[in-house]
Each structure stands twice: as structure tokens, then as C-alpha cells.
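The next block holds one structure in the form of C-alpha cells; read it before the comments.
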Amino acid sequence: MKFIKCILGVVLMSLWLPVMSQAAETGSALKADVLRQEPYSDALKIGNLARGETLQILNKKGAWLKVKTTQATGWVRLLSVKRGSAALFNPVKGVWDVASGRAGTGKVVATTGVRGLNEEELKNARYNEAEVKKMEHYIQTIQEGQQFAKKGGLKAIKFPYLPSPQGGGEP
Amino acid sequence: MMRLIYLVGVVLVITVQQAAAIDFGETLKEVLKSGVEEKIAAENKETAAPQVASSENKTILNWGNPSVEEEIQIGRQITGNLLGAAPLVKDDALQKYVNQVGRWVANQSERADLPWHFGVIDTEDINAFSAPGGYVVITKGLYRKLQNEAQLAGVLAHEIAHVVRSHHLKLLQKTQLLDLGAGLLSKKIGQNHEIIEKVIGRGAEVCARSLDQSAEFEADRMGVVLTARAGYEPYGLPEVLQIIGQTAEGDNSVALLFKTHPHPDDRLVKLDEAIGDRFDAVKNGKTLEKRFYKLKD
């Protein structure tokens, strides 16, 4: 009996685990926005998001994410949401603040993670003709690009460049 | 051709010299100490205020407006230096795949006529680079973060936009390095083959330099449009920015990217402002996760 209970426990656990691993991804609102009932800009408004508010991401559809806040569940524009639980970037403090070494020594202090392609490596790089030739060898023609697109069912559309919201610069 | 290589070398010498306030390599220091540094400094003083001087300065070569051929040669040199720091991933199928995606996206730009080249380099660093003339490189570390072809197209489209708008070429011109370099070449450095030779071999540092933030935001705006024009879901690039934004700032793999680009959150906000509801009418954009090439390791 004890054995059966034990087996049952394991089975229940194994059923439970996938559910756990599919737990909703967390995120936070990059800006104040509106929660809507459907993923359309003219859909019914069902709530508000405050900047920095944490939420759970449940689903994605095109430019929209289905999210759950403490108050409501609804659709919000993908670009209004930052994924993950990392702290929100603070624009008040300024973008320069992000890389503390930026205006300073430029020396990046090694902390965690894999070794990056750092400035030292770039500076000491020696020109490698063989690798450039190799890279050039993979060249695709305009027509080959078109064939590749066709195979994937990609169809080119006309779409103008986006103007700069700040004004200035080329559109 | 040889003359051109000299010139690129000069550009790199001076580029590095300009960046001296940030960091300075011992080797380059040695090279520059052999008299060149003083000469450049003197030359710099003569030309004083950069903006004014650039229009008045008489160029010996036409560096203010290089031909397509010259542009490609500059880009080739920079790419060769970058590949010296990290070679291509040894996977023909992968390299061919990024060239197929990249070529199709580049076809949607105003410079489809360039001989576009794409490559994945063997480093776990998370970054992507472009050089004049149509050279685009993405790191294996960044490729590893991607989930579908639309996201790859978005990253490549951002880099293609830098090339289309000549952002790196302008960076070099803005700092007057090219004009000054041409002058130095004929007057002084031309005699000292050894110095140039030594410097050409070192110095992809130009890849570690920042563009104006406005150039990055512009490349983002153009990147999403090029992605959409190619028939992909337009949100490939913003999705990648969201993924990168999750990487801790202290992580070495994003150190250079975060140092040379606005924060991903800031880029997302700017993209959001520019996009608004403009893409709402774009339907049937593809992500093609099934076709997306999986890394072997």
C-alpha cells in the first residue's frame, strides 16, 4: 500500500511538473497603457497598466500580448511590455548611466557569464584574409534570395519607412 | 589598391587615437610613439574646430564621397580585422542560411545592388556588426538567443540599415579622420611603410565604437520596416530586444553591446513611439520557426 502511494505520488508529481514549467512568463509595463478585451486597437477597454507594473504574459498574437495583472486579464501592445523580471531601465537617470564604464575608463569589469568579444580583443585583432574570402564565398545573388523567400512562402510587401517621432533625421 | 590599404590604415591609426581617452592599447601606443602621434596631434591643432574645418579642408582623395568600390574596400578591411578577432563558425549550412535570409532582406532596401555578405562569428558574445559596402556579422551568442527566422531577419535588417544609411562611413567622415588621413598619407606617413603595415594588422577597434544614438534608433525603425517588407512578422527585431533586455547588465556577453548601444528598453520605447498602430494593417507576416537553422552546439 505504501509502495502504491509512493508510485501514485511520483505519477502525480510527473503530471504536475509540466504544468509548473509552463508557468506564465513574467514581465513589466514599459509605459502606461490600456488593457483590451481583444487584440485590436478598437477593442473594448477593460483596464489600465501603470508604468513598471508587473504582469504575467499568457499568450502572443501578432503585435499583441495577453497579460494578467493583479486587476485584470487582457491584451496589450507587445511594445508596451518588457519581458523578464529584470529591473526597469530608468530613463530619468539617463541612458549613459547604463554602462557605467561608458564615459569612464572603458574597462569592463569581468563579473559573470561567458567571456565577451571585448575591446582588447578587437584592438589586437589581426586582419584575416582567408576568413574574409570564406565569408565572401557564401554570397547569394538577388535571384537566389528571391527563390529562398518563395520556398518559405514569403511575399514582399510595400511599406514606407517610419518617420522619426522626435523629428529630424531621414524618414 | 595598396594606396587604399594605406589609407584605411591611417584611418584606423587616427580612429584609435581619437578613442585614446577611452582606452589605449599598448601595441598601438608603441607604434604611435614612433613619431606619428606628435604629427597627428600637430595636424589636429591646425584643423581646429572639426565641423568648420571639414568643409574648408581640401581633400587629396575623394573621401568625403567614396565610390562604391572604395566603400566596399573599407568595409572589407574592417571585416577582415573583425574576423581576426573571431573567425566564422565552421558550419557551411549555417553560413549559407544567414546569407539567404540576409540577401532577401537586403533586396528590400535601396541598396540591393551591393554584394551583400553575411556571417556568423564564433564567439559567445551577444552582438552584431556591420561595415561599409554590405558586410554584416552576427555573433553565435546572439544567434543562440533567436527563436525564428523573423527574429534573425530583424537583427540583420538593423545592420543592413546601418550600411544603407552609411552610418559607419559618416562616423569616420564626421571626425574628419578620412580627410586628415589623406593629407597625412601623402605628406608624411607615405614614407613609413612599416608603421602602416603594423597598424593595419591590428585594429578592429572601430567595431567597438558607438554610433550616435539617433543612428541606432533610425536603424531600428528601418529594421522593422525591412523585415515587414520581406514578408516576415515585423516584430522580430523588438522581440530580440526584449530577449537581450533580460540579460543582466553585469553579464560580460553583453558588455560591448550595452556600451555601444542605447539600452534595449529605451530602444523598445522609441520603436513603440515610431510604430504606433502603423503595422496593424500588416497581416500574414511569417516567423518561420520551422525553417530556422538550429546551431549544432
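The listed protein sequences derive, respectively, from chains E and Z. Under the numbering used here, the first residue of the first sequence carries the number 150, and numbering increases by one thereafter. Under the numbering used here, the first residue of the second sequence carries the number 5, and numbering increases by one thereafter. Don't be surprised by glycine CBs; every beta carbon is placed ideally from N, CA and C.
Answer yes or no: does any C-beta atom of chain E fall closer than 8 Å to that of arginine 233(Z)? The beta-carbon of arginine 233(Z) is placed less than 8 Å from the nearest beta-carbon of chain E.
With a threshold of 6 Å on Cβ separation, who are the neighbours of alanine 23(Z) within its own chain once the five nearest residues in sequence on each side are excluded? For alanine 23(Z), the pLDDT reaches just 35, beneath the cut-off of 50, and the residue's location in the model is therefore unreliable, leaving the point undetermined.
In the DSSP output, what is glutamate 174(E) paired with across the bridge? Paired residue(s): Ile206(E).
Considering only the beta carbon of each residue, do glycine 137(Z) and arginine 80(Z) sit closer than 8 Å? A contact, by the Cβ cut-off of 8 Å.
Using the Cβ count rule (16 or more neighbours within 10 Å means buried), how would you classify leucine 156(Z)? Looking at its Cβ environment, which holds 16 or more other Cβ atoms inside 10 Å, leucine 156(Z) is buried.
According to DSSP, is alanine 223(Z) part of a helix, a strand, or is it coil? In the structure shown, the three-state DSSP call for alanine 223(Z) is helix.
Counting only the same chain and skipping the five closest in sequence on each side, list residues whose C-beta sits under 7 Å from that of leucine 292(Z). Taken in chain order, the residues that qualify are Asn152, Glu153 and Ala154.
Determine the closest residue to aspartate 216(Z) out of Val244(Z), Gly227(Z), His171(Z) and Trp120(Z), with distance taken between C-alpha atoms. Of Val244(Z), Gly227(Z), His171(Z) and Trp120(Z), the residue nearest in Cα terms is His171(Z).
Is the region 125 to 133 of chain Z touching the region 99 to 117 of chain Z, taking contact as three or more C-beta pairs under 8 Å? They do not touch, by the three-pair rule.
Beta-carbon proximity check, leucine 299(Z) vs lysine 144(Z), cutoff 8 Å: Taking 8 Å as the Cβ cut-off, leucine 299(Z) and lysine 144(Z) qualify as a contacting pair.
Below 7 Å on C-beta distance, what does phenylalanine 283(Z) contact in chain E? Chain E residues near phenylalanine 283(Z): Ala212.
Among residues of its own chain, excluding the 5 on either side of leucine 36(Z), which ones have a beta-carbon nearer than 6 Å to its beta-carbon? For leucine 36(Z), the predicted structure reports a pLDDT of 35, less than 50, and the residue's modelled location is therefore unreliable. The matter cannot be settled from this model.
Please confirm whether proline 309(E) and glutamate 277(Z) have their CB atoms less than 8 Å apart. Contact annotation: proline 309(E) and glutamate 277(Z) have beta-carbon atoms that are not nearer than 8 Å.
Cross-chain neighbours of threonine 291(Z) in chain E, by beta carbon under 7 Å: Within chain E, no residue comes near threonine 291(Z); the closest Cβ sits about 10 Å away, beyond 7 Å.
Mind checking if tyrosine 297(Z) is an interface residue toward chain E, Cβ cutoff 8 Å exclusive? Judged by the 8 Å Cβ criterion, tyrosine 297(Z) is not in contact with chain E.
Contacting residues, own chain, Cβ-Cβ under 7 Å from tyrosine 101(Z) (five flanking each side not counted): Excluding positions up to five away in sequence, the list reads Tyr297.
Please classify glutamate 75(Z) as buried or exposed, where buried requires at least 16 neighbouring CB atoms within 10 angstroms. Its Cβ being crowded by 16 or more others within 10 Å, glutamate 75(Z) is buried.
Can you tell me whether tryptophan 120(Z) is helix, strand or coil according to DSSP? In the structure shown, tryptophan 120(Z) falls within a coil segment according to DSSP collapsed to helix, strand and coil.
Cβ-based contacts, 7 Å cut-off: residues of the region 257 to 269 of chain Z near chain E: Within the region 257 to 269 of chain Z, the residues whose Cβ lies closer than 7 Å to some Cβ of chain E are Ser257, Ala259, Leu260, Phe262, Lys263, Pro266, His267 and Asp269, listed in chain order.
Quickly, what does DSSP pair valine 216(E) with across the bridge? List them, please. In DSSP, valine 216(E) forms a bridge with Ile206(E) and Gly223(E).
With a threshold of 8 Å between beta-carbons, can leucine 228(E) be considered close to chain Z, or not? Leucine 228(E) has a beta carbon lying within less than 8 Å of a beta carbon in chain Z.
Count the other CB atoms, across all protein chains shown, that sit within 10 Å of the CB of glycine 289(Z); report buried if there are 16 or more and exposed otherwise. With at least 16 other beta carbons inside 10 angstroms of its own, glycine 289(Z) counts as buried.
In whole angstroms, what separates the C-alpha of threonine 175(E) from that of aspartate 301(Z)? Rounded to whole angstroms, threonine 175(E) to aspartate 301(Z) spans 28 Å at the Cα level.
Below 8 Å on the Cβ atoms is my contact criterion, and I expect leucine 139(Z) with threonine 83(Z) to pass it. Report the Cβ-Cβ distance as a whole number of Å. Contrary to the premise, residue 139(Z) reads as tyrosine rather than leucine in this sequence. The pair is a contact, with the Cβ atoms about 4 Å apart (cut-off 8 Å).
Report the partner residues of glycine 196(E) according to the DSSP bridge assignment. Bridge partners of glycine 196(E): Leu184(E).
8 Å is my cut-off, CB to CB: does leucine 92(Z) come that close to chain E? Interface annotation, leucine 92(Z): in contact with chain E, CB-CB separation under 8 Å.
Counting only Cβ pairs nearer than 8 Å, list the residues of chain E close to glutamine 151(Z). What glutamine 151(Z) touches in chain E: nothing, since even the nearest Cβ is about 11 Å away.
Below-8 Å beta-carbon distance, alanine 199(E) vs any chain Z residue: For alanine 199(E), the answer is no, since every Cβ of chain Z falls outside 8 Å of its Cβ.
If you draw a straight line from the C-alpha of valine 141(Z) to the C-alpha of asparagine 208(E), how long is it? Looking at the backbone, the Cα of valine 141(Z) and that of asparagine 208(E) are separated by about 32 Å.
Would glycine 155(Z) count as contacting chain E if we go by Cβ distances under 8 Å? It should be pointed out that residue 155(Z) corresponds to glutamine in this sequence rather than to glycine. It does not: the Cβ of glutamine 155(Z) has no partner Cβ on chain E nearer than 8 Å.
Three or more C-beta pairs closer than 8 Å, one from the region 289 to 301 of chain E and one from the region 218 to 232 of chain Z: is that the case here? Segment contact: the region 289 to 301 of chain E against the region 218 to 232 of chain Z, fewer than three CB-CB distances shorter than 8 Å; contact not assigned.
With a threshold of 8 Å between beta-carbons, can tyrosine 239(Z) be considered close to chain E, or not? Cβ-Cβ to chain E under 8 Å: yes for tyrosine 239(Z).
Sequence-distant residues of its chain with Cβ nearer than 7 Å to proline 188(E) (five each side left out): Beyond the five residues adjoining it in sequence on each side, proline 188(E) comes within less than 7 Å, by CB distance, of Lys210, Gly211, Trp213 and Trp224 in the same chain, given in chain order.
With respect to the alpha helix (DSSP H) encompassing lysine 283(E), which residues constitute its N-terminal and C-terminal limits? If you look at lysine 283(E), you'll find it in the alpha helix (DSSP H) that goes 278 to 286.
Where does serine 229(E) sit, in a helix, a strand or coil, going by DSSP? Serine 229(E) sits in a helix when the DSSP states are folded into three classes.
In the DSSP output, what is isoleucine 125(Z) paired with across the bridge? DSSP links isoleucine 125(Z) through a beta bridge to Leu92(Z) and Thr143(Z).
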